[in-house]
Amino acid sequence: MWKFIVRRILITIPQIILLSVLIFMLAQAMPGDALSGLVDPNVSLEQKNALREKLGLNDPWYQKYGEWASGLVQGDLGQSFRFKMPVSELIEQRMINTFWLSLATLIITYIIAIPLGILSGRYNDSILDSSITGYTYIGFATPLFIFGLVMLWVFGYQLQWFPTSGSVTPGLEPGTFEYVLSKAQHLLLPAISMALIQTVSTVQYLRSEIVDTKQKEFIITARAKGASESRVYNKHILRNSLLPIAAFFGYEITFLIGGTVFVEMIFGFPGMGQLFIESILLRDYSVVNAVVLIFGIAAILGALLSDIILSLVDPRIRIK
Numbered sequence: 001m002w003k004f005i006v007r008r009i010l011i012t013i014p015q016i017i018l019l020s021v022l023i024f025m026l027a028q029a030m031p032g033d034a035l036s037g038l039v040d041p042n043v044s045l046e047q048k049n050a051l052r053e054k055l056g057l058n059d060p061w062y063q064k065y066g067e068w069a070s071g072l073v074q075g076d077l078g079q080s081f082r083f084k085m086p087v088s089e090l091i092e093q094r095m096i097n098t099f100w101l102s103l104a105t106l107i108i109t110y111i112i113a114i115p116l117g118i119l120s121g122r123y124n125d126s127i128l129d130s131s132i133t134g135y136t137y138i139g140f141a142t143p144l145f146i147f148g149l150v151m152l153w154v155f156g157y158q159l160q161w162f163p164t165s166g167s168v169t170p171g172l173e174p175g176t177f178e179y180v181l182s183k184a185q186h187l188l189l190p191a192i193s194m195a196l197i198q199t200v201s202t203v204q205y206l207r208s209e210i211v212d213t214k215q216k217e218f219i220i221t222a223r224a225k226g227a228s229e230s231r232v233y234n235k236h237i238l239r240n241s242l243l244p245i246a247a248f249f250g251y252e253i254t255f256l257i258g259g260t261v262f263v264e265m266i267f268g269f270p271g272m273g274q275l276f277i278e279s280i281l282l283r284d285y286s287v288v289n290a291v292v293l294i295f296g297i298a299a300i301l302g303a304l305l306s307d308i309i310l311s312l313v314d315p316r317i318r319i320k
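Residue numbers (the UniProt record's numbering): 1 to 320.
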């Protein structure tokens, strides 16, 4: 088991290095540079070139990458040209909001998905199963950004059950009950919106596992021995069907990355996704590089976590 984990981690390291190179090269290929729009249009070309030279923007790409990668190792993500502050401090402020949004989304996703998947799998080919399957088909076909806008319009503007933007009501003192309650209110609508779309894959996956497990030989044998239906279902079918869902958890992290970008922009939620879009529009390359790298590492680590969990569930996939 430990041999498999070590090998899997060793594979992850070059993936992260390659990811950092690709991110840096793509950022360099974007039109303009970090100086674009910062200087007066009337400034002469010679002065602009001198400033670019001073900031190191004219250095070869490999030299700039080496300096950037060296800073990453030391925890220095660079300086934001637009926000006038270290990128690490800027990301720390936004990452906290994205973390709580992602955690709330995961919790709501599993609260909805597991009961629906169990009911759909246990009573497959029934009216209940058809209703749940219909919901998943609609979820698969509905773009998240469209669904988010509808949720915002209905529950934010029409019913006014939730705030329509921000992460907390301005003026509240951090640590107070009112502050925590306001954070929860601002968090719920974007989390529910993302969870209702993200839950459909888990429902379908769990349903398929239960339906497939019910047809296996050891289930038929258990019934032939006279085991009650509730015992067969709870001890054999459900237990074996839920284990792969644990392995699916790591990939849920990857799915969240794309979702937070759309949801945070739609709901005006100040997190990593919103920061990512703002930095692209403002050509703040140091922030773009750092955010994309963090998203990429999260996706790689999510896949690593899923592989490790799956190896615990099914030892047959371990590398010998």
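Ideal Cβ positions, reconstructed from N, Cα and C, are used throughout, including at glycine.
Cut-off 8 Å between Cβ atoms - residues of its own chain near residue i, not counting five sequence neighbours on either side
i             : result
threonine 98  : Thr260, Glu264, Gly271, Met272, Gly273
glycine 268   : Thr164, Ser165, Gly166, Gln274
leucine 188   : Ala104, Phe162
methionine 85 : Gln79
valine 87     : Leu77, Gly78, Gln79, Ser80, Ser286, Val287, Ala290
leucine 149   : Ile266
N- and C-terminal bounds of the alpha helix (DSSP H) containing residue i
i                 : result
arginine 122      : 87-122
valine 6          : 2-29
proline 60        : Here proline 60 belongs to no alpha helix (DSSP H), and DSSP marks it neither H nor E.
lysine 183        : 177-214
serine 130        : 127-141
isoleucine 146    : 144-151
phenylalanine 173 : Reading the sequence as shown, one finds glutamate at residue 173 and not phenylalanine. Segment: none, glutamate 173 is in no alpha helix (DSSP H) and carries neither H nor E.
phenylalanine 218 : 217-224
Pair within 9 Å by beta-carbon distance, residue i and residue j
i                 : j                 : result
leucine 206       : glycine 139       : no
asparagine 240    : alanine 27        : no
threonine 136     : valine 203        : yes
threonine 299     : isoleucine 257    : Here the sequence assigns alanine to residue 299, which means threonine is not the residue at that position. Yes; because the gap between Cβ atoms is below 9 Å, this pair is in contact.
proline 190       : isoleucine 266    : yes
phenylalanine 249 : leucine 144       : no
threonine 109     : threonine 12      : no
valine 291        : isoleucine 96     : no
valine 168        : tyrosine 157      : no
serine 286        : phenylalanine 147 : no
isoleucine 297    : leucine 19        : yes
isoleucine 9      : leucine 304       : yes
serine 208        : glycine 121       : yes
leucine 152       : glutamate 252     : no
isoleucine 5      : isoleucine 308    : yes
isoleucine 23     : leucine 293       : yes
Per DSSP, cross-strand counterpart(s) of residue i
i            : result
glutamine 79 : Pro86
Contacting residues, own chain, Cβ-Cβ under 7 Å from residue i (five flanking each side not counted)
i                 : result
isoleucine 237    : Ile210, Thr213, Lys214, Ile219
alanine 192       : In the sequence as displayed, the identity of residue 192 is isoleucine instead of alanine. Within the same chain, isoleucine 192 has close Cβ partners Ile108.
isoleucine 280    : Val288
isoleucine 16     : Ile297, Ile300
alanine 69        : Ser20
leucine 101       : Leu187, Pro190, Ala191, Thr260, Phe269, Gly271
phenylalanine 155 : Trp161, Phe162, Leu189
glutamine 185     : Phe162, Pro163
serine 182        : Val168, Thr169, Leu172
valine 232        : Ile219, Ala222, Arg223
lysine 3          : none
Cβ-based neighbour list, residue i, same chain, cut-off 6 Å, excluding 5 preceding and 5 following
i              : result
leucine 116    : Ile132, Val203
asparagine 124 : Val211
9 Å Cβ cutoff, residue i in contact with chain B
i          : result
glycine 66 : Looking for chain B here will not work: only one protein chain is present.
Ranges of the beta strand (DSSP E) found wholly within the stretch 251-298, counting only runs of at least 3: Contiguous beta strand (DSSP E) elements confined to the stretch 251-298 do not occur, taking only those with 3 or more residues.
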